[in-house]
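To start, the structure under review is shown below, and the notes come after it.
Residue numbers (our numbering), protein chains in the order written: chain A, 496 to 555; chain B, 598 to 1063.
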């Protein structure tokens, strides 16, 4: 995931969306991403089935 | 209206079909109550009084012409995420405050065809992306059991309307618990059907692969009827299929194996919630069910997969409106930005893991026919005391407490229903969640119905002086 610093987040949002986050918005996003980063941890070592999403037989 | 407001949809329709009441009388009485209570409940964003009366007259005409209408004259609240032709559809967002669609959502068409009367569009958490029901643009929907408390979301207005006696039926959508959580906190029935059984056409997408549409009602029989009328293949939704829904089955529960999870689902539950749910399972045992302890696999990885899918899918769904992001409320804006920042690799890993999770849950279900657990770990919180995210937060406890038990079933696509199973000492409703394997919606409804008939929680009414 992106580096969780106010500067990195502000830059990513500016580049993608073209506006600046307020300090409050930045704090909120930082808190959410910090929590999400922890919530997503169990996926890191998850033993997935050999399922290949997006490999349907296209155009048939 | 003092008598009509608490009638079930089935009973109301019966009276209208027998012409002891007209659809127009029911509609007018409903609109009067809406006018009196909606300013306090904040349940509806738009009230469609004129259109409702027009529809009611049409229903009365159709009955006179001999049509059979299973929901004849029954007032319906439509979550404002469903497109309604010529009626503004806001999705709870300032961005769409003036959007008037030229088409109806598939479920709206089906319910109207059955004789339901749409009385208005119900409030919701903005874009259905949140679980409190506090909306920065249209105000918070209020919990009829305590107006200072949340309804839960995202189908907040639908829950407030059903629990407050404004209408017996409402439409909800559920991507992480948005039907079942508000149903639990407001003390009524909410069904998230199996994925694919109800068309999503005309519903503003939150996360395509986990969005479900379902009924919110005061009784299980009403939910079963509404679901049966909503379900069915719709060519405008590629994921929708035909699946036999059948009539609501009644009777005892002999032979049913009811799985009680010994991990995760009761962890951290408020003691009053846990006690009410365990009492409910003992009641189900007296009705014939055999209680079986089960260990549910892949928790908390399944929560991780849900998060890794909902945020990026929502960011993709909102891509076309990204220049409007500054108009969004602060929590949903942060959610969309977070979805943009989660790597594609994480999303795809979650989708791969999902297949394995479904398979292993199916294996677990060899030991039982369905599962019972608390819908939410806590009752309704006060709106004024909702936590605000702060820098340095390492976790989101309220997400765990409110939708941690519901969101696994969105990832799996399995049917899950919440119904009332008690009240706290301070008078707040507690919800029991029943869930089964994909396509077994009928068993969920059958067990819920048996429990409801053996208890009187669904007959309790909030005190809402006019």
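Here a beta-carbon is modelled for each residue, glycine too, at the ideal position from N, C-alpha and C.
C-beta contact flag for residue i and residue j at 8 angstroms
i	j	result
residue 1048 of chain B	residue 728 of chain B	no
residue 518 of chain A	residue 992 of chain B	no
residue 794 of chain B	residue 1037 of chain B	no
residue 745 of chain B	residue 980 of chain B	yes
residue 956 of chain B	residue 544 of chain A	yes
residue 766 of chain B	residue 713 of chain B	yes
residue 827 of chain B	residue 810 of chain B	yes
residue 708 of chain B	residue 668 of chain B	yes
residue 672 of chain B	residue 747 of chain B	no
residue 696 of chain B	residue 1058 of chain B	no
residue 971 of chain B	residue 791 of chain B	no
residue 884 of chain B	residue 845 of chain B	no
residue 634 of chain B	residue 761 of chain B	yes
residue 905 of chain B	residue 943 of chain B	yes
residue 638 of chain B	residue 739 of chain B	yes
residue 1014 of chain B	residue 788 of chain B	yes
residue 521 of chain A	residue 898 of chain B	no
residue 1046 of chain B	residue 847 of chain B	yes
residue 674 of chain B	residue 736 of chain B	no
residue 896 of chain B	residue 512 of chain A	no
Minimum C-alpha distance to residue i - residue among the options
i	options	result
residue 989 of chain B	A:554, A:552, A:529	A:529
residue 497 of chain A	B:956, B:941, B:1008	B:941
residue 541 of chain A	B:902, B:1015, B:685, B:627	B:902
residue 802 of chain B	B:1033, B:771, B:820, B:777	B:771
residue 642 of chain B	B:615, B:694, B:633	B:694
residue 1026 of chain B	B:1035, B:1039, B:978, B:987	B:978
residue 684 of chain B	B:837, B:778, B:1043, B:646	B:646
residue 863 of chain B	B:893, B:837, B:882	B:893
residue 751 of chain B	B:719, B:763, B:743	B:719
residue 933 of chain B	A:524, A:515, A:510, A:503	A:524
residue 786 of chain B	B:1029, B:865, B:1062, B:664	B:1029
residue 605 of chain B	B:664, B:764, B:651, B:895	B:764
residue 800 of chain B	B:1034, B:631, B:680, B:1061	B:680
residue 535 of chain A	B:798, B:945, B:873, B:832	B:945
residue 1031 of chain B	B:969, B:1052, B:789, B:997	B:969
residue 953 of chain B	B:1009, B:808, B:847, B:928	B:1009
residue 782 of chain B	B:819, B:798, B:743	B:743
residue 867 of chain B	B:670, B:975, B:1062	B:975
residue 780 of chain B	B:806, B:753, B:796, B:936	B:753
residue 618 of chain B	B:629, B:656, B:640, B:651	B:656
Contacts of residue i in chain B (Cβ-Cβ under 8 angstroms)
i	result
residue 519 of chain A	927
DSSP beta-bridge partners of residue i
i	result
residue 1030 of chain B	B:970, B:1015
residue 979 of chain B	B:746
residue 788 of chain B	B:1014
residue 739 of chain B	B:747
residue 767 of chain B	B:674, B:813
residue 907 of chain B	In the DSSP output, where bridge partners are listed per residue, residue 907 of chain B has none listed.
residue 961 of chain B	DSSP, once it has assigned bridges, lists no residue as partnering residue 961 of chain B.
residue 679 of chain B	B:800
residue 641 of chain B	B:719
residue 828 of chain B	B:795
residue 611 of chain B	DSSP lists no partner for residue 611 of chain B.
residue 863 of chain B	None; residue 863 of chain B has no bridge partner.
residue 497 of chain A	Bridge partners of residue 497 of chain A: none, in fact.
residue 856 of chain B	B:889, B:968
residue 1006 of chain B	According to DSSP, which records beta bridges pairwise, residue 1006 of chain B is partnered with nothing at all.
residue 684 of chain B	B:681
Contacts of residue i in chain B (Cβ-Cβ under 7 angstroms)
i	result
residue 529 of chain A	990, 991
Residue i: contacting residues in chain A (beta-carbon distance under 8 angstroms)
i	result
residue 734 of chain B	Chain A residues near residue 734 of chain B: none, gap ~17 angstroms exceeds 8 angstroms.
residue 931 of chain B	520, 523, 524, 527
residue 561 of chain B	Residue 561 of chain B falls outside the range modelled here, since chain B spans only 598 to 1063, and no answer is possible.
residue 905 of chain B	535, 538
Within chain A, partners of residue i - CB distance below 9 angstroms
i	result
residue 878 of chain B	None at all; the shortest Cβ gap to chain A is about 28 angstroms.
residue 900 of chain B	534, 537
residue 953 of chain B	541, 542, 543, 544, 546
residue 661 of chain B	Neighbours of residue 661 of chain B on chain A: none; closest Cβ ~50 angstroms, over 9 angstroms.
Closer than 7 angstroms at the beta carbon, the chain A residues around residue i
i	result
residue 986 of chain B	523, 526, 527
residue 938 of chain B	496, 497, 507, 528
residue 948 of chain B	548
residue 934 of chain B	508, 524
Neighbour list for residue i in chain B, Cβ cutoff strictly below 9 angstroms
i	result
residue 555 of chain A	The premise fails here: residue 555 of chain A is roughly 14 angstroms from chain B at the closest Cβ pair, so nothing lies under 9 angstroms.
_Three CB pairs or more closer than 8 angstroms across the segment 699-719 of chain B and the segment 1018-1034 of chain B_ = no
*Decide yes or no for the touch test of the segment 884-891 of chain B against the segment 960-976 of chain B: beta carbon pairs closer than 8 angstroms, at least 3 of them.*
yes
*Below 8 angstroms, can you find three or more Cβ-Cβ pairs linking the segment 867-885 of chain B to the segment 906-915 of chain B?*
no
*Is there contact between the segment 913-922 of chain B and the segment 812-824 of chain B, where contact requires at least three CB pairs shorter than 8 angstroms?*
no
*Is the segment 758-777 of chain B touching the segment 727-741 of chain B, taking contact as three or more C-beta pairs under 8 angstroms?*
yes
*Report yes or no: do three or more beta-carbon pairs, one from the segment 646-660 of chain B and one from the segment 599-616 of chain B, lie closer than 8 angstroms?*
yes
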